[in-house]
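Line by line, the protein sequences give chains A and B. Per our numbering, the first sequence runs over residues 1309 to 1715. Per our numbering, the second sequence runs over residues 2 to 90. C-beta atoms are modelled at their ideal positions from N, C-alpha and C, and glycine is treated no differently. What follows is a set of notes on a single structure, which appears directly below.
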Amino acid sequence: MQPRLLAGPLLADGAESFASHRTRLGSLPGKAVRAGLSDTLIASGLLGRGGAGFPVGRKWASVAERSGGAAVVLVNGAEGEPLSAKDRTLMATRPHLILDGAELAADVVGADRIVLYVGREHGAAGRALERAVRERPVPKSLSIDLVAAPTTYLAGEESAAVHFVDTGDGRPTTTPPRPYERGIGGRPTLVQNVESLAHAALIARYGDGWYREVGGDQTRGTALVTVGAVARPGVTEIAIGAPLAELAEHTGAPADAQAVLLGGYFGGWVAADEARDLVLDPATMRAAGKAFGCGVVAFLAGDGCGVTATSRIMTYMAGQSAAQCGPCVFGLRAIADTTATLASGRGRASDLERITRWSEQLRGRGACRHPDGAVGLLDSGLRVFADEFARHATGRGCRATSRGRAA
Amino acid sequence: MAVLDQFLAIDRIRCDGSGLCAELLPELIELDDWGYPIVAAGSVPPVLMEHARRAVAVCPVLALRLRAVPRATMPSQTGPRVRARTAGG
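Structure (structure tokens):
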């Protein structure tokens, strides 16, 4: 497949200059295209790439409806997901494509301010965007500022992002109102992932028909994915609908892989035999109870321990709770501790029963979806590694020879 | 005119687990192992509305409220799972 977002100079060469970008892709389309761009994006079927997969065109239209010319565009480059690197890679190498998308979005939704919200730890990404803003002509009516986002899992959650820009407090807030209704400074705010904006910049130039030329049965287009625990890990662009097996082969996944983590820590485990026939299409995957999420694909080798790998993720997720809502603070901590006890081999059957019950009870009981994501991951682990969990809960020990290094 | 169904909604950030709501409305609210409320799915049945209003009123941090939702917009809403009201409740 021909890459789209990653076409152009080698990624190893760093940020593409404005001159190169302009020569390669031409200037931004004018008024006529922009007037219909929300509809074009809706027709393209482009889904948000931050993880939730909300239709991009509909989001733009919702903000445009309310803005009165005073909206804000928040370019979301806070990539908190530990296994994902695609957003920082795109920011560090194709900053102008992202800024194109942001500028078009600002025009379409009626915004006079763009906030580049970039993870503090993504040094090269922030520098590339900052330099890119200075390099290119920016409409006088538009202010663009860079805000260094906190290095937490939840920093990119949209209400948390708005909250941080407004007050310096990066914890999620109670919704509604959602940012598209009432965001930064009380103004309607479009919070959009950097990859989504980059796709929008290309769709504006080439049309929705072009966008739909490649893709899967249900979802069209291309997507950035981050592949981990393989011989050649990293970020790559795939045609949506590509077989997972093809990506596994291409990146050198372990031949004895027992499971794969899809969608990151908000996604879930899929057993290897089920993964063999899986295609990477968000809609197809959702229908099958799987998550494309932010495009993370991480393998667990045959000698890894699924209980230990799941336990590590739960410990991380409990630690990343914003510590505002009781069920998340106490429930996730208890789940993480008890899963760790099971992983250590000192657990009992009652521990397994408790984490199962707690995870059922926790769903939907936070201001944000952090607990939902965490227990979704746990559920998938309990299913995929059911035998291993049972062994660990009945004193029969761990079958794995290593300690579940993948995720 | 659309019929309004009443749903219990909890501001999870405000809620500090006093547990008073579960005492006054055990049919619809139970507490988890740490004392935080778990609300039964579905709308509040009319027969429990008075108890629900009292539970809302007694919340010390104003985290519990009733939210009216026009019935037509929620066709798939399942009925409430109501637990038996115990003596003295």
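Against chain B, with Cβ distances strictly below 8 Å, would residue i count as a contact?
i: residue 1628(A); result: no
i: residue 1482(A); result: yes
i: residue 1590(A); result: no
i: residue 1673(A); result: yes
i: residue 1655(A); result: no
i: residue 1634(A); result: yes
i: residue 1639(A); result: yes
i: residue 1526(A); result: no
i: residue 1500(A); result: no
i: residue 1706(A); result: no
i: residue 1296(A); result: Nothing about residue 1296(A) can be reported from this structure: the residues present for chain A run from 1309 to 1715 only.
Using a Cβ-Cβ cut-off of 8 Å (strictly less than) and excluding sequence neighbours within five positions of residue i, which residues of its own chain qualify?
i: residue 1477(A); result: 1471
Report all residues from its chain with a CB closer than 7 Å to the CB of residue i; omit the five preceding and five following residues, and keep chain order.
i: residue 64(B); result: 11, 12, 15 and 16
i: residue 1414(A); result: 1381, 1422 and 1450
i: residue 1579(A); result: 1567 and 1692
i: residue 1444(A); result: 1326, 1404 and 1407
Measuring alpha carbon to alpha carbon, tell me which residue in the options is nearest residue i.
i: residue 1491(A); options: 1469(A), 1358(A) and 1661(A); result: 1469(A)
i: residue 1521(A); options: 1536(A), 1662(A), 1505(A) and 1549(A); result: 1549(A)
i: residue 55(B); options: 18(B), 22(B) and 5(B); result: 22(B)
i: residue 1465(A); options: 1427(A), 1562(A), 1441(A) and 1370(A); result: 1427(A)
i: residue 1558(A); options: 1568(A), 1535(A) and 1572(A); result: 1535(A)
i: residue 1717(A); options: 1406(A), 1354(A) and 1361(A); result: Residue 1717(A) is absent from the model: chain A starts at 1309 and stops at 1715.
i: residue 1530(A); options: 1369(A), 1589(A), 1671(A) and 1658(A); result: 1589(A)
i: residue 1628(A); options: 1400(A), 1597(A), 1480(A) and 1392(A); result: 1480(A)
i: residue 1656(A); options: 1666(A), 1631(A) and 1701(A); result: 1701(A)
i: residue 1485(A); options: 1561(A), 1351(A), 1675(A) and 1670(A); result: 1675(A)
i: residue 1409(A); options: 1364(A), 1641(A) and 1648(A); result: 1364(A)
i: residue 1369(A); options: 1555(A), 1488(A) and 1507(A); result: 1488(A)
i: residue 1250(A); options: 1499(A), 1442(A) and 1591(A); result: Given a span of 1309 to 1715 for chain A in the structure shown, any question on residue 1250(A) remains unanswerable.
i: residue 26(B); options: 51(B), 61(B) and 34(B); result: 51(B)
i: residue 1584(A); options: 1594(A), 1563(A), 1597(A) and 1595(A); result: 1563(A)
i: residue 32(B); options: 1681(A), 1643(A), 1699(A) and 1634(A); result: 1634(A)
Using the Cβ count rule (16 or more neighbours within 10 Å means buried), how would you classify residue i?
i: residue 1339(A); result: exposed
i: residue 1679(A); result: buried
i: residue 1310(A); result: exposed
i: residue 1453(A); result: exposed
i: residue 1321(A); result: exposed
i: residue 1324(A); result: buried
i: residue 1625(A); result: buried
i: residue 1658(A); result: exposed
i: residue 1335(A); result: exposed
i: residue 1581(A); result: exposed
i: residue 1576(A); result: buried
i: residue 1373(A); result: exposed
i: residue 8(B); result: buried
i: residue 1668(A); result: exposed
i: residue 1654(A); result: exposed
i: residue 1661(A); result: exposed
i: residue 1475(A); result: exposed
i: residue 66(B); result: exposed
Taking Cβ positions only, does residue i come closer than 8 Å to chain A?
i: residue 79(B); result: Confidence is the limiting factor: at residue 79(B) the pLDDT is only 48, short of 50, which leaves the residue's position unreliable, though a coordinate-based value still follows. By this cut-off, residue 79(B) is not an interface position.
i: residue 30(B); result: no
i: residue 16(B); result: yes
i: residue 90(B); result: Residue placement at residue 90(B) is flagged as unreliable, the pLDDT there being 33, under the threshold of 50; a coordinate-derived value is accordingly withheld.
i: residue 54(B); result: no
i: residue 6(B); result: no
i: residue 68(B); result: no
i: residue 13(B); result: yes
i: residue 76(B); result: Note on residue 76(B): pLDDT 47, under 50, position unreliable in the model; the coordinate value appears next. Chain A contact via Cβ: absent.
Residues in the same chain with beta-carbon distance under 6 Å from residue i, minus the five sequence neighbours each way, listed in chain order, please.
i: residue 1419(A); result: 1379, 1380 and 1381
i: residue 18(B); result: 36 and 37
i: residue 1528(A); result: 1353 and 1520
i: residue 1463(A); result: 1386, 1388, 1457 and 1478
i: residue 6(B); result: 44, 70 and 72
i: residue 1319(A); result: 1401
i: residue 4(B); result: 72
i: residue 30(B); result: 22, 23, 38 and 40
I'd like to know whether the C-beta of residue i is nearer than 8 Å to at least one C-beta of chain E.
i: residue 64(B); result: Judged by its chain identifiers, the structure shown contains no chain E, and its protein chains are A and B.
(message) Under 8 Å, with one C-beta from each stretch per pair, do the region 1422–1439 of chain A and the region 1393–1408 of chain A reach the 3-pair mark?
(response) yes
(message) When you compare the region 1620–1628 of chain A with the region 1682–1700 of chain A, are there three or more beta-carbon pairs, one atom per stretch, that lie closer than 8 Å?
(response) yes
(request) Inspect the CB distances between the region 1334–1353 of chain A and the region 1378–1390 of chain A and report whether three or more fall short of 8 Å. (result) no
(request) Please determine if the region 1319–1333 of chain A and the region 1480–1494 of chain A are in contact, where contact requires at least 3 C-beta pairs separated by less than 8 Å. (result) no
(message) If contact is defined by three or more beta carbon pairs under 8 Å, each pair taking one atom from either stretch, is the region 1532–1546 of chain A in contact with the region 1358–1378 of chain A?
(response) no
(message) Does the region 1600–1611 of chain A come into contact with the region 1565–1572 of chain A, if we say contact requires no fewer than three beta-carbon pairs (one atom in each stretch) closer than 8 Å?
(response) yes
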